[in-house]
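Chains W and V, in that order, are what the protein sequence lines are. The letter at position 231 of the first sequence is residue 231 when you use the numbering used here, and the numbering goes up by one with no holes. The letter at position 64 of the second sequence is residue 1064 when you use the numbering used here, and the numbering goes up by one with no holes. We put the CB at the ideal spot given by N, CA and C, even for glycine. The model shown is predicted, which means the values in this text are computed figures rather than measured ones.
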Amino acid sequence: MPPIETFYEVMRKQGITRRSFMKYCSLTASALGLGPSFVPQIAHAMETKPRTPVVWVSGLECTCCSESFIRGAHPLAKDVVLSMISLDYNHTLMAAAGHHAEAALEETLEKYKGNYILAVEGNPPLNEDGMFCIIGGRPFLDQLKRAAEGAKAVIAWGACASYGCVQAAKPNPTRATPIHEVITDKPIIRVPGCPPIAEVMTGVITYMLTFDRLPELDRQGRPAMFYGQRIHDKCYRRAHFDAGQFVESWDDENARKGYCLYKMGCKGPTTYNACSTIGWNDGTSFPIQSGHGCIGCSEDGFWDQGSFYNRVTDLTQFGVEANADQIGLAATGVVGAGVAIHAAISALKAAQNRAALREEA
Amino acid sequence: MSIPQPGPFQPAPSRKATVTDLPLGGARGARRLTAVYVYEVPVRLWHWINAFAIVVLCITGYLIASPLPTMQIGEAAHQFVMGYVRFTHFAAAMILIVGFAARAYWALVGNHHARQIFTLPLFNFQWWKEVWHEIRWYAFLERQPRKYAGHNPLAQLAMFTFITLGVLFMIVTGLALYGEGEGALSWIGRGFGWVIPLAGGSQMVHSLHHLGMWSIVIFTLVHIYVAVREDIMSRQSIISTMISGQRTFKDDRPD
Ligand code: HEM
Ligand code: SF4
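Structural data, given as structure tokens:
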């Protein structure tokens, strides 16, 4: 088997000039928050290291992760990262189809065994032996497990692979299951979001390819550099939050002034993501900037926590959908009424006792 | 911990006895004592500081979840309404936390009444019987309550659940939320961040913290009602005891 080519060789083959390559290295360094001294280090790694193939599989999903990915803000970064990925197998982008495609995947898995990174978009349904998601005539679950066997590490793209997302929303009829519950023996890096931000996706892949290790992860297995803070911590409307200046209803004067969307149910205070720093579509905007609250798409179970327009969770455990305030107020009312009745009976009883005592005397 | 059965006879101590080794709450050994020193200074001080902190925390907590109407005092840079509400919440939270820690310490070194709301004699049948008796008293099925130097068993159960566990729950969830603002690498973030994935996300922690408030509100409602009612209808002092520390009894009848 010929030695695996380096990243640099792959890029040159793709027609990327040395100058562009160096630009890419500095871009990567800054995207990852590294100083200029890292640029030669990244360049050196890319020139000498055999490239790490990335195998990309898709289960129950909507392809928004792929769509986001190919819209990476910087075309250069995107092209380079795309050239690193083994595109022999990616439902959205591959040229092959049918048995050819499946054969190509199998070949990649064999050839790079133990060396490739598995990127998973979507998740497997477990009910009915996984029949709700069939790929090449077999349940996606089988393909996922097969692909995970020889993987060095696994990337869980999006809310689907990380937490389950909409297909796992209650009552989850197909039992769509986040991948960490079926792949238990590999390091999994979660990149949640619906979809994740393109620059976050390319950043994560680039980091893993250049440094040959996982980026620093937080408690939930997300790269800390992108998911270390809440939207709310870096939101440009935060000054209005602290001032207590809120949009009170859609299209009111405060909405025009760009006040904080907290009362409109903004989930920024409970959502970990980089939207308020990196932005979307080449940094053009992000939901809050366009006047709508954050819906918390990168959080666990975001479909099951109630309305997008109310930041207080719906608790369905109580039969009807109600939030903490409704339940609390109702319970307080019931207990308060109970106390009042109890007090009245107590007074009556006391009076009775007194009367009885007087009679005895 | 064992609950002594009421003995056949106990020598009547002098009025205003400062007997500190009375049997625990469940026991009725208090009979014929007319005054017992029950709650030491740290316990009483904590009770009122804790009550004050909880009131402030409930009001400001409610206002965090449902903020005041938008005000136009000045430019956002010169206005800090929500900021002050949150600051007050966090300041009261720190008082609550330090108070709770001090109170837990006092449970170790104070008299045995100070331990009452930190431990439940769950395996003591007699104690459960007295809980039941107390429930019957509140259901108007008993003509008169029993006498207790410390908390009666039902009160002990309620305080353990809603205050000892309840406040601890608020502290843990509150610090988890506080750690989010401080950053995952702060010591609070490191110490309490585990709560967030455990609960199923930040929003869920907010909801649980919020529900915790309502449980404490309901406890407070009942607590105040019952304290006043017992002060009037039971055979012992209640409200003044948490001020002076002395439990006085209204009659000398046994039990
Ligand atoms: C009796 C005790 C307490 C009560 C009744 C209480 C009540 C509340 C309530 C109702 C909320 C709003 C939750 C929501 O978003 O819906 C809240 C938020 C919060 N509480 Fe507490 N709390 C208590 C103790 C604490 C403690 C001990 C801390 C510890 C520092 C704390 C820290 C916080 C924080 C950080 C928030 C979130 C603030 C924000 O989102 O801006 N709380 N509290
Ligand atoms: S708009 Fe949302 S994220 Fe921004 S400050 Fe207000 S609540 Fe926080």
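(message) In chain order, what are the residue ranges of uninterrupted alpha helix (DSSP H) at least 4 long that sit wholly in the segment 1071-1135 of chain V?
(response) 1081-1109
(request) Have a look at residue 325/W and residue 251/W and give me their C-alpha separation to the nearest angstrom. (result) 26 angstroms
(request) State yes or no: is the C-beta of residue 228/W nearer than 7 angstroms to some heavy atom of the ligand SF4? (result) Because no heavy atom of the ligand SF4 lies under 7 angstroms away, the Cβ of residue 228/W does not count as near it: no.
(message) For residue 377/W and residue 1140/V, what's the separation of their Cα atoms in angstroms?
(response) No statement about residue 377/W is possible, as the shown extent of chain W runs from 1 to 361 and does not include it.
(request) Express the C-alpha separation of residue 1211/V and residue 289/W in angstroms, rounding to a whole number. (result) 32 angstroms
(message) Given the structure, does residue 1216/V come close to the ligand HEM, in the sense that its CB is under 7 angstroms from one of the ligand's heavy atoms?
(response) Under cutoff, so the answer is yes.
(request) Can you pull the chain V residues whose beta carbon is under 8 angstroms from the beta carbon of residue 234/W, in chain order? (result) Residues of chain V passing the Cβ test: none, with the nearest at roughly 12 angstroms.
(message) With the cut-off set at 8 angstroms, would you say residue 1057/V and residue 1108/V are in Cβ contact?
(response) no
(request) Can you list the residues near the ligand SF4, meaning Cβ strictly closer than 5 angstroms to any non-hydrogen atom, in the order they appear in the chain? (result) Residues with a Cβ closer than 5 angstroms to any heavy atom of the ligand SF4, in chain order: 231/W, 232/W, 235/W, 237/W, 238/W, 241/W, 260/W, 261/W, 262/W, 266/W, 268/W, 288/W.
(request) For residue 257/W, count neighbouring Cβ atoms within 10 angstroms of its own Cβ and tell me buried if that reaches 16, exposed if not. (result) exposed
(message) Just checking residue 1093/V against the ligand HEM - is the residue's beta carbon closer than 7 angstroms to any of the ligand's heavy atoms?
(response) Proximity of the beta carbon of residue 1093/V to the ligand HEM is indicated: a heavy atom of the ligand is located closer than 7 angstroms.
(message) To the nearest angstrom, how far is the alpha carbon of residue 134/W from that of residue 120/W?
(response) 15 angstroms
(request) Could you give the DSSP three-state label for residue 1007/V: helix, strand or coil? (result) Note on residue 1007/V: pLDDT 40, under 50, position unreliable in the model; the coordinate value appears next. Residue 1007/V falls in the coil class under three-state DSSP.
(request) Would you mind working out which of 124/W, 9/W, 107/W, 40/W sits nearest residue 58/W, comparing C-alpha positions? (result) 124/W
(message) I'd like to confirm the pairing. Which residues does DSSP put opposite residue 139/W in its beta bridges?
(response) 134/W
(request) Round the Cβ separation of residue 273/W and residue 327/W to the nearest angstrom and send it over; I've been treating them as touching at under 8 angstroms. (result) Going by Cβ atoms, the distance from residue 273/W to residue 327/W rounds to 29 angstroms, so no, they are not a contact pair.
(request) Can you say whether residue 1114/V is buried or exposed, counting buried as having 16 or more other CB atoms within 10 angstroms of its CB? (result) Buried.
(request) Note down the Cα distance separating residue 105/W from residue 238/W, rounded to an integer number of angstroms. (result) 47 angstroms
(request) Verify whether the separation of the beta carbon atoms of residue 1102/V and residue 1048/V is less than 8 angstroms. (result) no
(message) Nearer than 7 angstroms: is that true of the beta carbon of residue 370/W relative to any heavy atom of the ligand HEM?
(response) Limits of chain W in this structure are 1 at one end and 361 at the other, which puts residue 370/W out of reach.
(request) Out of 1069/V, 1040/V, 1037/V, state which residue places its alpha-carbon closest to the alpha-carbon of residue 262/W. (result) Minimum Cα-Cα distance from residue 262/W among the listed residues 1069/V, 1040/V, 1037/V corresponds to 1069/V.
(request) List the residues of chain V that residue 259/W touches, going by C-beta distances under 8 angstroms, in chain order. (result) 1070
(message) Please list, in chain order, the residues of the segment 1056-1084 of chain V that have any C-beta partner in chain W closer than 9 angstroms.
(response) 1062, 1065, 1066, 1067, 1068, 1069, 1070, 1071, 1072, 1073, 1074, 1075, 1076, 1077, 1078, 1079, 1080, 1081, 1082, 1083, 1084
(request) Counting only runs of 3+ residues fully inside the segment 218-266 of chain W, write out the beta strand (DSSP E) ranges in chain order. (result) none
(message) Quick check: does the Cβ of residue 1086/V come within less than 7 angstroms of any heavy atom belonging to the ligand GDP?
(response) Absent from the structure shown: the ligand GDP. Ligands present: the ligand HEM and the ligand SF4.
(request) Just mark residue 1214/V as buried or exposed, buried being the case when its beta carbon has 16 or more other beta carbons within 10 Å. (result) Label assigned to residue 1214/V: buried.
(message) So, does the segment 1149-1161 of chain V touch the segment 1200-1207 of chain V, judging by three or more C-beta pairs under 8 angstroms?
(response) Counting C-beta pairs with one atom in each stretch, the segment 1149-1161 of chain V and the segment 1200-1207 of chain V have fewer than three that are closer than 8 angstroms, which means they do not touch.
(message) Let me check understanding here. Comparing Cα to Cα, which of 200/W, 243/W, 190/W lies closest to residue 1085/V?
(response) 243/W
(message) Under 8 angstroms, with one C-beta from each stretch per pair, do the segment 64-74 of chain W and the segment 190-201 of chain W reach the 3-pair mark?
(response) yes
(request) Could you work out which residue in 205/W, 235/W, 236/W is closest to residue 223/W when comparing CA atoms only? (result) 205/W
(message) Distance check for residue 18/W and residue 12/W, CA to CA, integer angstroms please.
(response) Going from the Cα of residue 12/W to the Cα of residue 18/W covers about 8 angstroms.
(message) Would residue 176/W and residue 164/W be called neighbours here (beta carbons separated by less than 8 angstroms)?
(response) yes
(message) I'd like to check one pair, residue 1088/V with residue 1248/V: are the Cβ atoms closer than 8 angstroms?
(response) No.
(message) Judging by CA-CA distance, which residue of 1167/V, 1121/V, 1184/V is the nearest neighbour of residue 1257/V?
(response) No answer is possible for residue 1257/V: it lies beyond the span of chain V, which begins at 1001 and ends at 1255.
(request) Could you say which of 1250/V, 1233/V, 1196/V lies nearest to residue 350/W if we only look at CA atoms? (result) 1233/V
(request) Return no unless some Cβ of chain V is closer than 8 angstroms to the Cβ of residue 328/W. (result) yes
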